[in-house]
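Chains as they are written, first to last, in the working numbering: chain A, 1 to 102; chain B, 1001 to 1277; chain C, 2001 to 2201; chain D, 3001 to 3576.
Take a look at the structure set out below.
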């Protein structure tokens, strides 16, 4: 079975795709920096910048880390921790943030 | 938690009453019920005393609420605990191994079998939610919306002392003639006392067993707590969060005065205030 | 399914899907799950404190050199490319290019660290040390931790490079490059978030 | 499978006979040897942890006296003692025994694998833990003594040397924990890959022995919960060494952040320890009741449910910590809800006894004793889970008694059950049953006599972690309870002698045991005792789940998982 997996993953690995993805990553980096430079309200800029960062992360995860070819379990292994620490962050908001707002 | 108190009372009256009735009936066949009123009342207070006896005397206005939640949980989990232990011991003793016959082959996966576990679990879930509701009422009363205060004290904890600062009646807190006492808090009986707790160094915890009041004191935070004492006397403050080598001796006292006496004490104390600081 | 006569293999999609994952790969993923929580914890703390700080963080952030940060992002992204190309060439059994890509990856990783050192020194000269303020504590804490991860990755890649320079067993080399790559790309992803967090906000 | 074997192979191409002593017993990569190393380490640490408990108990019972065999203990030494007792018992006794020891030994055998997925990583994780223990013990001897801010290391107490006077002790404490986490991170990954990917033919997820399920859940819970605390520990170390102020309010930091990060790990950690303990009981009970476990799937799903719930209950340790009071009630609900999955697991164990043919041998006694005592720990948890009652109970001896009633049953009753049950497999010799029974009854009775009085002390209002009660007038009357507890604790400690004697005696002189002395079904009983390395001559093939006991019209009252159906029901007996 090892041999089998090796063959079909070999079929998957596709250098031109990797180069294409890299170009996109560089472009998005440029986009992020321009957003940083633009004279737009800070909140909007930050929101957009992090959207861009998320897109970059997804590109890397799906193409360089081959997540697009992986079974459901590995998606779980990635997503569950993300959900957990977001939950932790939300639970911390009243104590760390709202306290100062008052 | 008044609903629960009435439930508790009637339930316990029913149980004890039934027991008393059975006792009477055993003694004389042609028995008439109804002789159980008094005895049930007694045994009712009996139950509560035993439970209450485990805790220190409660002298705060909200302590009763907490104690009743405590008893509610005690009855609920006590029941399941006793049942579970009895079954465990009974099964272990009754189904001892016998070479003669094989054990019963049941995988507990058919619905009818699984019900023996799932139904009690569902009941537990229901009771849990009941406990949550009862608990939330008491919690909200103690911690969530403090009533309008009549006496206000600034409590400053530091290794290993409690400092109590009374806001001067004329002039805001911080004006020269505030009154500060060390490890000694004087309050009037029957008045809402509002405390603003802060710490100068590490986390301490303001804990008066008789008030059923505990609140951590955190550096960098001004935490509000309140209490209303129902009975004059002297009660101990213990620090209940490890705060260093002197933790065990970080002891204070709350002296609860009758109103008139408190007014007198306050007047005298304020006069001597500058000296006492 | 009663007594001993259960089917030899239940049809269980999820089950078989799991078995087909090479152990090394899923091992790395489990490890990354834990790493996500580490950086997740730090990042959450940073974000919440920056909200609480009412502008203090943003003010401090104006003193970091975002240009160097941007260059470093480019460097790291490129190193990810060379890393994945190394895998591609290893699978195509192209030894020369595999070696070259691994070498480039190591080189780019070291470049990143070099630039980071330049940043650190200039910042410390200006008097911004971990103790200066909460922002700088987080800045040094998070970039430092990220740097340590990168060093780990570089060490692994050097081992792979050495393995590649000897006459390699392809099966072994491919698997190792793939697993090391997963980790390397993860470190890249972390930076993709750290850069805007620390430099652009 | 073949991938798995390939990996195991290219990592561990070794055979015992060509190994010297060092490679075979010290730097071995055989999971069975490593498991024994873990167990030995945890036993040694348990001696230190138990010894510290003797000092703590004596101090509490007779504060003014100097402790026999030790001398006087000052308040600062006392804080150091309780800190090290907690740290050692949770991180260096419970986890090495239940995960490192039993998990390491049993997971590969039970899933039919030849070794762990990554044998060298396995050895590395043990030696990392060994280093961690060395660091922790070293901290006893550094100037200004070991950490003294409680096993929870609350800031700011642990954050600045001037608050406790402890300097390097606290740093070493942090480093020891960091190494410990690294070790169990490697171990957890290894467990998960082995348990999920190295399963032999026919071993579907729903045929895994429950111990494997619970160990794996524990591993996942650990992997996903430890991260934030690692982050928090890094911040704490930076605060102590680099002059940062993550936890110092006057510099914009926040002490409650540590409490949140600590308990986000700290509560799941309880389940990391508890689940493997339950796993052992769940393995032992069906064997000695000769019945299938009652509701296998129910148990599996409640285990997963408990694992998930454990991530959203942490703030119940912080009800009165000064966190936003609006958080209390939601966390109360989730906390008390935890009672449901654990109730299902415990009821399933009890229901398994019903209609069984029970043999109260020592493993069964310890398993049932564990269930009986854990019930107390479980139900007292409801009091603490209810925010209102927790106002009174938090930080009192009630809490101390509660968590000892949850951890002792799983770690020690569970652990002893496991040792008595698998000792024949591990060493090929039987243990002495008389000594074992004596050991059980002494342990069971004295344990309850230690901690039931402490419940009363807590209800009486006594804070925990205080050097002596006598400074409080209203607590003085509780002193007799402390004396009872201490006497019982001394009996409890002495009561472990039969076990130690039994262990040593059986290792040397115990009667030889056959492969399957208890007539159990799981795969580890189908190989030699002790098993060879690699474990299986040919990869076994699994035909059924692990608890087929007393099947009607089967040849024997047990059907091993790898026994072909025709053999199980045909005229030929079980090839044992």
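All residues carry an ideal CB built from backbone N, CA and C; glycine is no exception.
Chain B residues whose Cβ lies nearer than 8 Å to that of residue i
i               : result
residue 3343(D) : 1080, 1120, 1121, 1124
residue 3079(D) : 1242, 1244, 1245, 1247
Proximity winner among the options, relative to residue i (alpha-carbon distances)
i               : options                            : result
residue 3467(D) : 1245(B), 1238(B), 1194(B), 1120(B) : 1245(B)
residue 1068(B) : 1260(B), 1114(B), 1139(B), 1124(B) : 1139(B)
residue 2198(C) : 2148(C), 2155(C), 2098(C), 2073(C) : 2073(C)
residue 2157(C) : 2181(C), 2146(C), 2112(C)          : 2181(C)
residue 3549(D) : 3560(D), 3537(D), 3351(D), 3291(D) : 3291(D)
residue 1265(B) : 1125(B), 1184(B), 1203(B)          : 1184(B)
residue 3382(D) : 1151(B), 1112(B), 1135(B), 1106(B) : 1135(B)
residue 3426(D) : 3371(D), 3504(D), 3389(D), 3528(D) : 3528(D)
residue 3442(D) : 3498(D), 3393(D), 3145(D), 3377(D) : 3498(D)
residue 3221(D) : 3250(D), 3275(D), 3245(D)          : 3275(D)
residue 3268(D) : 3308(D), 3237(D), 3249(D)          : 3308(D)
Proximity test, Cβ basis, 8 Å: residue i and chain D
i               : result
residue 71(A)   : no
residue 2188(C) : no
residue 91(A)   : yes
residue 1260(B) : no
residue 2266(C) : Here chain C covers residues 2001 to 2201 and nothing more, so residue 2266(C) does not appear.
residue 1220(B) : yes
residue 2026(C) : yes
residue 76(A)   : no
Residue i: contacting residues in chain D (beta-carbon distance under 8 Å)
i               : result
residue 80(A)   : 3224
residue 1324(B) : What is shown of chain B runs 1001 to 1277, which leaves residue 1324(B) out entirely.
CB contact below 8 Å: residue i versus chain A
i               : result
residue 2192(C) : yes
residue 3098(D) : no
residue 3156(D) : no
residue 2168(C) : no
residue 2102(C) : no
Interface partners of residue i on chain C, CB under 7 Å
i               : result
residue 3395(D) : Here the premise fails: no neighbours, minimum Cβ distance about 26 Å.
is_contact[residue i, chain C] using C-beta, thresh 8 Å
i               : result
residue 20(A)   : no
residue 3251(D) : yes
residue 97(A)   : yes
residue 3199(D) : yes
8 Å Cβ cutoff, residue i in contact with chain B
i               : result
residue 3089(D) : no
residue 3348(D) : yes
residue 3563(D) : no
residue 3001(D) : No answer about residue 3001(D) holds up, because its pLDDT of 35 lies below 50 and its placement is not dependable.
Per-residue contacts from residue i into chain D (C-beta, under 9 Å)
i               : result
residue 94(A)   : 3323, 3324, 3326, 3327
residue 1249(B) : 3075, 3466, 3467, 3468, 3471
residue 37(A)   : The contacting residues do not exist; residue 37(A) stays about 29 Å from chain D at best.
Contacts of residue i in chain C (Cβ-Cβ under 8 Å)
i             : result
residue 61(A) : 2185, 2189
Partners in chain D for residue i, counting only beta-carbon separations shorter than 7 Å
i             : result
residue 84(A) : 3224, 3311
Under 9 Å from the C-beta of residue i: neighbouring residues of chain B
i               : result
residue 3551(D) : 1102, 1105
Heavy atom of the ligand FAD within 7 Å of residue i beta-carbon
i               : result
residue 1156(B) : Absence of the ligand FAD from the depicted structure is noted, as is the absence of any ligand whatsoever, leaving it without description.
Neighbour list for residue i in chain A, Cβ cutoff strictly below 7 Å
i               : result
residue 2051(C) : 97
For this session: Would you be able to state if there are at least three C-beta pairs under 8 Å between the stretch 3184 to 3191 of chain D and the stretch 3115 to 3123 of chain D?
Result: Enough Cβ pairs lie closer than 8 Å, so yes.
Exercise. What runs of the alpha helix (DSSP H), each 4 residues or longer, lie entirely inside the stretch 2097 to 2182 of chain C?
Worked result: Listed in chain order, the complete alpha helix (DSSP H) runs (minimum 4 residues) inside the stretch 2097 to 2182 of chain C are 2134 to 2165.
For this session: Report yes or no: do three or more beta-carbon pairs, one from the stretch 3509 to 3522 of chain D and one from the stretch 3165 to 3172 of chain D, lie closer than 8 Å?
Result: No: fewer than three Cβ pairs fall under 8 Å.
Exercise. Given 8 Å as the limit, is there contact between the stretch 1110 to 1127 of chain B and the stretch 1149 to 1169 of chain B, that is, 3 or more CB pairs closer than that?
Worked result: With contact defined as three or more Cβ pairs closer than 8 Å, the stretch 1110 to 1127 of chain B and the stretch 1149 to 1169 of chain B are not in contact.
Exercise. If we count Cβ pairs, one from each stretch, closer than 8 Å, do we get three or more for the stretch 3199 to 3210 of chain D versus the stretch 3066 to 3086 of chain D?
Worked result: They do not touch, by the three-pair rule.
For this session: Evaluate contact between the stretch 3297 to 3306 of chain D and the stretch 3338 to 3350 of chain D, counting only Cβ atoms and requiring at least three cross-stretch pairs below 8 Å.
Result: Yes, the stretch 3297 to 3306 of chain D is in contact with the stretch 3338 to 3350 of chain D.
Exercise. Which full runs of the beta strand (DSSP E) of 3+ residues lie inside the stretch 3256 to 3305 of chain D, going along the chain?
Worked result: Those beta strand (DSSP E) runs which fall completely within the stretch 3256 to 3305 of chain D and span 3+ residues do not exist here.
Exercise. Within the chosen definition, does the stretch 3219 to 3235 of chain D reach the stretch 1190 to 1199 of chain B through at least 3 CB pairs nearer than 8 Å?
Worked result: Segment contact: the stretch 3219 to 3235 of chain D against the stretch 1190 to 1199 of chain B, fewer than three CB-CB distances shorter than 8 Å; contact not assigned.
Problem set entry | Cβ pair count under 8 Å reaching 3, the stretch 3318 to 3334 of chain D against the stretch 3380 to 3397 of chain D | Verdict: yes, contact present.
Exercise. Are three or more beta carbon pairs between the stretch 2027 to 2040 of chain C and the stretch 2182 to 2189 of chain C nearer than 8 Å?
Worked result: Contact check between the stretch 2027 to 2040 of chain C and the stretch 2182 to 2189 of chain C: three or more CB pairs, one atom from each, fall below 8 Å, which counts as touching.
For this session: Pick out the complete alpha helix (DSSP H) segments inside the stretch 3021 to 3075 of chain D, 4 residues or longer, and give them in chain order.
Result: List check, alpha helix (DSSP H) in window: 3031 to 3061.
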